[in-house]
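Participant: Protein chains in written order, with the working numbering: chain A, 1 to 303; chain B, 304 to 800; chain C, 801 to 1416; chain D, 1417 to 1553. Mind having a look at this structure? Questions to follow.
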């Protein structure tokens, strides 16, 4: 019983941290984007305000049960992946559920939420939502290839499917995996561009033509949960990258520095890029990123 | 002893000539008499067969001349089974055609006379132990077959019959030539005697004789270049006659060929020749069959293919091979006859007998269609129907003889067969009926005949042991040449002393 | 009389009685049908024990029937699905014609599948195999749609496989003089080298046809889609598994003894993976749910084939586990399509939408099945896929794992299409009258979907019999060894790690669901799907805004180069070429009597000329 | 009776040669001529040729009829040697018996053939064999 309480407490702490960091990043993203584009932009805490505003909205509408449950689905993905991914080296403050084989588990749980949300989006009946979903799924089929290739390369090189093991390898050798497995890192980072859905891969939500795509019928509490889940998930993903490629972090400050550095990559790439069409982006992922993934596997298998 | 083999020839021949006489007294008798005769023969054949299986071959001497000179009939397990099969088929076809030409007395009379002649001739071919006598029976069979082929006046039957006749008379000349050759060399016409003296013949004459025999008998056995008449004749003849061709006449032809090759001469290469010619026949006719658009022609080509398979099985030459060949032979007789009998009802009222005219008959003629499908499944060798066992035994015999390539070839040709039969079944059950066709309900006797065949297929399929014991004995009898010679010639000795 | 005889007599007799009862009364027929399936299932599980055998002989061939633990794994699929599908079909087939015919073939195919599992000799194996082929063939053409196309394709490929098997059987028989499968297994290492290569190839041809592997898969989509859905659930769920059953036997008993089996395994494994990828892409392109599921079946069987071919104990375990799971979720989905077809009369995504509120139970079971199919935790599919990945990585199949993963990711696309196309989206007026399917149809779906969930959370239930079966095949027990390595299902799926994960998933979901529901409960209201924000204007009732045409157009544009070439066109080209050749060849039968006479003379002359080489 | 083709005397050769010539003529008629009647005649001639061949096998130049008449036997005792000696000069009766049968059969076949020709003519209004090709392939 005590254990469960401990875990629950840990989960809540993780969630709060992830939420606040994630939402700050998203705010920073807006600010930086604006500055680069020579606008003034909203303050970095704008997203906090948005979330609170959405939460306080009294009325809301839904189009059915699936729509109602959709945000909960995506929250499951965000929270469970946050729980599975070790946040700090040594696991002191944030007890988590990592285990041997969790990389494969993560791969699947990471699509569980989007699919659930896609079902909710589907039930709204808004054609924009469905179109957005199909684009999102297509794009996912694209970026999953280099992403999996990178992970497989790591798995076979270090004979493990556990994140903790990968972190220990880096701690023991003192070398980050992004240097010892550069191709895997390249492929993974390129896949990350798609994962974050910033430009040039932002056709899923494309506000100009699809009215935000899958999100378009959501408001109030639904959008609130979705945004929170998005920010938690952003943090979880970044942490995962830091864990497996950048040696993890010993304390939160290092973690924030590392994750933010990583976060700059999709952000800056996005700011400076136009938008790809779906098939273009799919093919892009099957091009160079997959090639690097292949190189990574070769490197892992041969050396 | 309930009777002797000579009755198999004497009784039906007598009946054939009695039919017109009795017909003058009581018109219905022309229909009943053949049936009674065939039934009697069937009972006799089965009792004799049972006896032969236990006590050994019966050799009957005609007119008191002992074997090397006189004509003798041999009722061995091998010939006995074939004769029984033919008589059984004859009886079933009689049941089927009992109401044939019900209104037209003259036509019916002709039909039954010719049919009895056909049966007589075919049974005679199988039973006789004398090659010239066999020649005579072949001619009896052929002439009645020509006439039966040309039976319908409104079809192209005369054309088919004429083709049959041309090829048939040509090849009967070759048969005669072969007989001359043997007689000039050995001075005997008795098969057993020839077999015992065959080594005395000059090899080149022996080969010449074998070649002429192959050509002469190949016409009835329907081997490849000599079988151009087959599809025409089968398709143009009345339905029951087509069944009789497939069930009776071909069997006699194959028997004669096999007897020549297995017993009379021991020329090397004949077995391989059988395999080659069987395969050629099978491949070409199956390829032709799949492109047919008329039902009966398709069945005829398929019949050719099946007989090719039988020849291949005989060509393997081992006891297993002959056993398989006999099994195939029986299955073909039953399955193909069933197909002809039911098929002719499926296209009863159509002029051109197109396959497309069987569309949707499953709804209107449920029993006939079902039996057709059953026959088709049996012929293509689907378990658990009778055809499967034949095919399986044939394959395993071939594998024992290390003929794997042949198995592969046969199996790939079987695929073709499967396709065209299933196409027809699909049409029967799952297509819309063509509006201009009115289905014809089969008469009761036809249904009985077809159902009997269907039941036989099922029984053999589920319980092949029923016949396999007989067939094993039969195949041993065919292979044991010495015993055949001894059986026949010793009967003569017994009589003289 | 031995219980095994009674089982077959019961099933066969039941089939015939059902067929005959059709003429008497519909109720009697349905009752007999269901009773036959139920009675034989009960008989099998209560009276027939692992290791029971009966010997008999036909025509001098000694044969043996019996059941071992390996066959029992598949008997779960066959009989379990059989029972479910029989209840389902009673309701689904109501009012259709030729029901005697349908039920007869249904029962025969169930019987022959049990026969395959219980044959210990090659001849009965072949007989049951062929019976399974024709009985399923007769059901494939039952609907009367495309009989000449899908039916004939099916029969050609099945026969191709069956004949290959027949050839292999007679080869074995000629060489060992025994038809027993155990004898064959023992004798195999001592066969001549050529036999060692050819026997597995021939057997695999037969089995991969049924398992719809790549070059031999072309019959599958049509056949699955064209047979009545009540049977397709068995067809895709159980019948195709007979191919897997045979393949595993071939791999365990033959391929293991090949001197150099790596290439053999790699080829089959890659063919399986390519099947999975291509079939997935084709499934994405379908607009008809039946076709989509049919292609998806082919794809799923591709994973299983890969697992079998890789052949490490874990891979085999995953293949067997996936077989059971695939049977469950694919049967559920086909049944759901059947229910929709029954209620709406169409199975096209472009025609039906927004059924979620009309057919909620169907939706829930499809949802669970789809989650299982996609391999998302915590349902059964994930366990199988997870084991497959682990085994592929551990056996150094790095590229293969990517291929499998790609197929499995792309599978999300059609999974979503299935759910969205039928259940979500705009609720059009046209389908307002639609009601939930009858209880007899819904119940089997719900039961199977629930089982899927149970097996996903407690995989040990299924893994235990599978482990017993694998021991029969000669694998050492997998209990413990493979589980400790993973930590996911330590010691028979006691879920050391799974439990907290399941709690985490469940807890998070419930927590946020409660938040979503409770917060502002009174102010939350339901609006119809017509009441949406469409650039500021609300669509009218009759305006059709459903998005279903060209659903994955962009994705398909991206992958179009690989989808240009279809196996079917090659086969068709081959078929047409052959037919033209046959047409040319049959002109030897010129129709002129004189020509035939000339043939006779030519034949004589040829024989005379070559007499020395022929009869020398 | 045990002779080969090369042991024969010139007269016997001439029989064989004639027979083969007749056969060739018959074949020519049957295979080349287009008229149905001529085809039938050809077949018939072919038949006769074969019969001639058959007869010539049993033929012995200046042989006697195979009858043991009292005049021939005279008062010789009927021992096996005597019978053998007497039958040396006799013509073999078996081929003649065979030919008789063969002729009858040939007659039957020709009759059937001619009746078929009549029916074909009524049906097709022609006797050209190349035009009677309703059934093919």
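Using N, Cα and C, we set each Cβ at its ideal position, and we do this for glycine too.
Out of A:51, A:16, A:3, A:7, which one is the CA nearest neighbour of residue 220 of chain A?
Facilitator: Sequence index remark: in the first chain, residue 220 of chain A carries index 220 (1-based). Selected option, being the one with the closest Cα: A:51.
Participant: Shorter than 9 Å from the beta carbon of residue 1521 of chain D to some beta carbon of chain B?
Facilitator: Translated into positions along the fourth chain, residue 1521 of chain D becomes position 105. Taking Cβ atoms only, chain B reaches closer than 9 Å to residue 1521 of chain D, which makes this a yes.
Participant: Hey, quick one: how far does the beta strand (DSSP E) through residue 864 of chain C stretch, first residue to last?
Facilitator: Counting from 1 along the third chain, the entry for residue 864 of chain C is found at position 64. That run of the beta strand (DSSP E) goes 861-866.
Participant: Are the C-beta of residue 126 of chain A and some C-beta of chain C separated by less than 9 Å?
Facilitator: Here residue 126 of chain A refers to the residue found at position 126 of the first chain. For residue 126 of chain A, the answer is yes, since a Cβ of chain C falls inside 9 Å of its Cβ.
Participant: With 16 other CB atoms within 10 Å as the buried threshold, where does residue 1365 of chain C fall?
Facilitator: Position 565 of the third chain, counted from the start, is the residue given in the question as residue 1365 of chain C. Answer is exposed; the Cβ neighbour count stays below 16.
Participant: Return the chain-ordered list of same chain residues with a C-beta closer than 7 Å to the C-beta of residue 1030 of chain C, the five sequence neighbours on each side being excluded.
Facilitator: Numbered from its first residue, the third chain carries residue 1030 of chain C at position 230. Cβ within range, chain order: 885, 888, 889, 892, 893, 1138.
Participant: According to DSSP, is residue 1294 of chain C part of a helix, a strand, or is it coil?
Facilitator: Numbered from its first residue, the third chain carries residue 1294 of chain C at position 494. At residue 1294 of chain C the pLDDT is 41, less than 50, meaning the model places this residue with poor confidence; the figure from the coordinates comes in the next sentence. Correct three-state label for residue 1294 of chain C: coil.
Participant: Would you list, in chain order, the members of the region 588-610 of chain B that have their beta-carbon closer than 7 Å to a beta-carbon of chain C?
Facilitator: Residues passing the 7 Å Cβ filter: 590, 591, 593, 594.
Participant: Which value, in whole angstroms, describes the spacing of the CA atoms of residue 1434 of chain D and residue 340 of chain B?
Facilitator: Counting from one through the fourth chain, the residue named residue 1434 of chain D turns up at place 18. Counting from one through the second chain, the residue named residue 340 of chain B turns up at place 37. If you take the alpha carbons of residue 1434 of chain D and residue 340 of chain B, they lie about 47 Å apart.
Participant: For residue 875 of chain C, which residues in the same chain have their Cβ closer than 6 Å to its Cβ, ignoring the five residues on either side in sequence?
Facilitator: Sequence index remark: in the third chain, residue 875 of chain C carries index 75 (1-based). Here the set comprises 917.
Participant: Any contact between the region 1218-1237 of chain C and the region 862-869 of chain C? By contact I mean 3 or more CB pairs, one from each, below 8 Å.
Facilitator: No, they do not touch.
Participant: Excluding sequence positions up to five away, which residues of its chain have a Cβ less than 6 Å from the Cβ of residue 1020 of chain C?
Facilitator: Along the third chain, read from residue 1 onward, the residue named residue 1020 of chain C stands at position 220. 1012, 1098.
Participant: Can you name, in chain order, every residue of its own chain whose Cβ lies under 7 Å from the Cβ of residue 1182 of chain C, other than the five neighbours on each side?
Facilitator: Sequence index remark: in the third chain, residue 1182 of chain C carries index 382 (1-based). So the list reads 1175, 1176, 1256, once near-sequence residues are dropped.
Participant: Is residue 65 of chain A near residue 157 of chain A, with beta carbons less than 9 Å apart?
Facilitator: The residue you call residue 65 of chain A lines up with position 65 of the first chain. The residue you call residue 157 of chain A lines up with position 157 of the first chain. Not in contact: residue 65 of chain A and residue 157 of chain A (Cβ atoms no closer than 9 Å).
Participant: For the region 205-257 of chain A, which segments carrying the alpha helix (DSSP H) assignment without a break, of at least 4 residues, lie completely within its bounds, in sequence order?
Facilitator: 207-210, 220-245, all fully within the region 205-257 of chain A.
Participant: Tell me the residue span of the alpha helix (DSSP H) that contains residue 425 of chain B.
Facilitator: Stepping through the second chain from its first residue, residue 425 of chain B is reached at position 122. From DSSP, the alpha helix (DSSP H) with residue 425 of chain B extends over 408-430.
Participant: For residue 1393 of chain C, which residues in chain D fall below 7 Å Cβ to Cβ?
Facilitator: If you number the third chain from 1, residue 1393 of chain C lands on position 593. Within 7 Å Cβ-Cβ: 1545.
Participant: Could you confirm whether any beta carbon from chain B is found closer than 9 Å to the beta carbon of residue 1019 of chain C?
Facilitator: Within the third chain, numbered from 1, the residue matching residue 1019 of chain C stands at position 219. Residue 1019 of chain C does not count as touching chain B.
Participant: Does the region 939-947 of chain C touch the region 688-708 of chain B, meaning 3 or more C-beta pairs lie closer than 8 Å?
Facilitator: Cβ pair count under 8 Å is below three, so no.
Participant: Which residues in chain B have a C-beta closer than 7 Å to the C-beta of residue 944 of chain C? List them in chain order.
Facilitator: Here residue 944 of chain C refers to the residue found at position 144 when the third chain is read from its first residue. Those within 7 Å of residue 944 of chain C in chain B are 733.
Participant: Just to confirm before moving on: does the CB-CB distance between residue 1128 of chain C and residue 1252 of chain C stay below 9 Å?
Facilitator: As a first step, residue 1128 of chain C must be located in the third chain, where it is residue number 328. As a first step, residue 1252 of chain C must be located in the third chain, where it is residue number 452. Yes, the Cβ-Cβ distance between residue 1128 of chain C and residue 1252 of chain C is below 9 Å.
Participant: Taking residue 467 of chain B and residue 397 of chain B to be in contact with their CB atoms under 8 Å, please state how far apart those CB atoms are, rounded to whole angstroms.
Facilitator: In the second chain, residue 467 of chain B corresponds to position 164, counting from 1. In the second chain, residue 397 of chain B corresponds to position 94, counting from 1. The pair is not a contact, with the Cβ atoms about 23 Å apart (cut-off 8 Å).
Participant: Since residue 714 of chain B contacts residue 973 of chain C with CB under 8 Å, what's their CB separation in whole angstroms?
Facilitator: Within the second chain, the letter at position 411 stands for residue 714 of chain B. Within the third chain, the letter at position 173 stands for residue 973 of chain C. Their Cβ separation, rounded to whole angstroms, is 15 Å, which puts residue 714 of chain B and residue 973 of chain C out of contact at 8 Å.
Participant: Which runs of the alpha helix (DSSP H), 4 residues or longer, sit entirely within the region 502-582 of chain B?
Facilitator: Counting only runs of 4 or more, we get 506-524, 532-539, 542-547, 553-562.
Participant: Could you pull out every residue in the same chain whose Cβ sits closer than 7 Å to the Cβ of residue 198 of chain A, ignoring the five residues on either side in sequence?
Facilitator: Position 198 of the first chain, counting from 1, holds the residue named residue 198 of chain A. Closer than 7 Å at the Cβ level, and outside the excluded window around residue 198 of chain A, lie 266, 267, 270.
Participant: Grab the span of the beta strand (DSSP E) containing residue 375 of chain B for me, first residue to last.
Facilitator: The residue given as residue 375 of chain B occupies position 72 in the second chain. That run of the beta strand (DSSP E) goes 375-378.
Participant: Once DSSP output is grouped into helix, strand and coil, what is the label at residue 996 of chain C?
Facilitator: Sequence index remark: in the third chain, residue 996 of chain C carries index 196 (1-based). Helix.
Participant: What are the boundary residues of the beta strand (DSSP E) that residue 60 of chain A is part of?
Facilitator: Reading the first chain from its first residue, position 60 is the one you call residue 60 of chain A. Residue 60 of chain A -> beta strand (DSSP E) spans 60-62.
Participant: Leaving out the 5 sequence neighbours to the left and right, which residues in its chain are closer than 7 Å to residue 12 of chain A when beta-carbon positions are compared?
Facilitator: Along the first chain, read from residue 1 onward, the residue named residue 12 of chain A stands at position 12. Excluding residues within five positions, none has a Cβ falling inside 7 Å.
Participant: For residue 256 of chain A, go through chain C and note every residue whose CB falls closer than 8 Å to its CB, in chain order.
Facilitator: Numbered from 1 along the first chain, position 256 holds the residue referred to as residue 256 of chain A. In chain order: nothing, as chain C lies at least about 24 Å away.
Participant: Going along the chain, which residues of the region 525-539 of chain B sit with their C-beta nearer than 8 Å to a C-beta in chain D?
Facilitator: Here the close residues are 534, 535, 538, 539.
Participant: Check whether chain D comes within 9 Å of residue 1398 of chain C, counting only Cβ atoms and requiring the distance to be less than that.
Facilitator: By one-based count along the third chain, residue 1398 of chain C stands at place 598. Cβ-Cβ to chain D under 9 Å: yes for residue 1398 of chain C.
Participant: What did DSSP end up calling residue 350 of chain B once you bin it into helix, strand or coil?
Facilitator: Within the second chain, the letter at position 47 stands for residue 350 of chain B. Of the three classes helix, strand and coil, the one that applies to residue 350 of chain B here is helix, per DSSP.
Participant: Within the same chain, show all residues whose beta-carbon is closer than 8 Å to that of residue 877 of chain C, passing over the 5 residues directly before and after it, in chain order.
Facilitator: Walking along the third chain from the start, residue 877 of chain C turns up at place 77. Cβ neighbours of residue 877 of chain C beyond the five flanking positions: 1037, 1038, 1041, 1123, 1124, 1127.
Participant: Is there a C-beta anywhere in chain A that falls below 9 Å from the one on residue 1099 of chain C?
Facilitator: The residue given as residue 1099 of chain C occupies position 299 in the third chain. Not an interface residue.
Participant: If you draw a straight line from the alpha carbon of residue 1089 of chain C to that of residue 670 of chain B, how long is it in whole angstroms?
Facilitator: For the purposes of this step, residue 1089 of chain C is taken as the residue at position 289 of the third chain. For the purposes of this step, residue 670 of chain B is taken as the residue at position 367 of the second chain. If you take the alpha carbons of residue 1089 of chain C and residue 670 of chain B, they lie about 37 Å apart.
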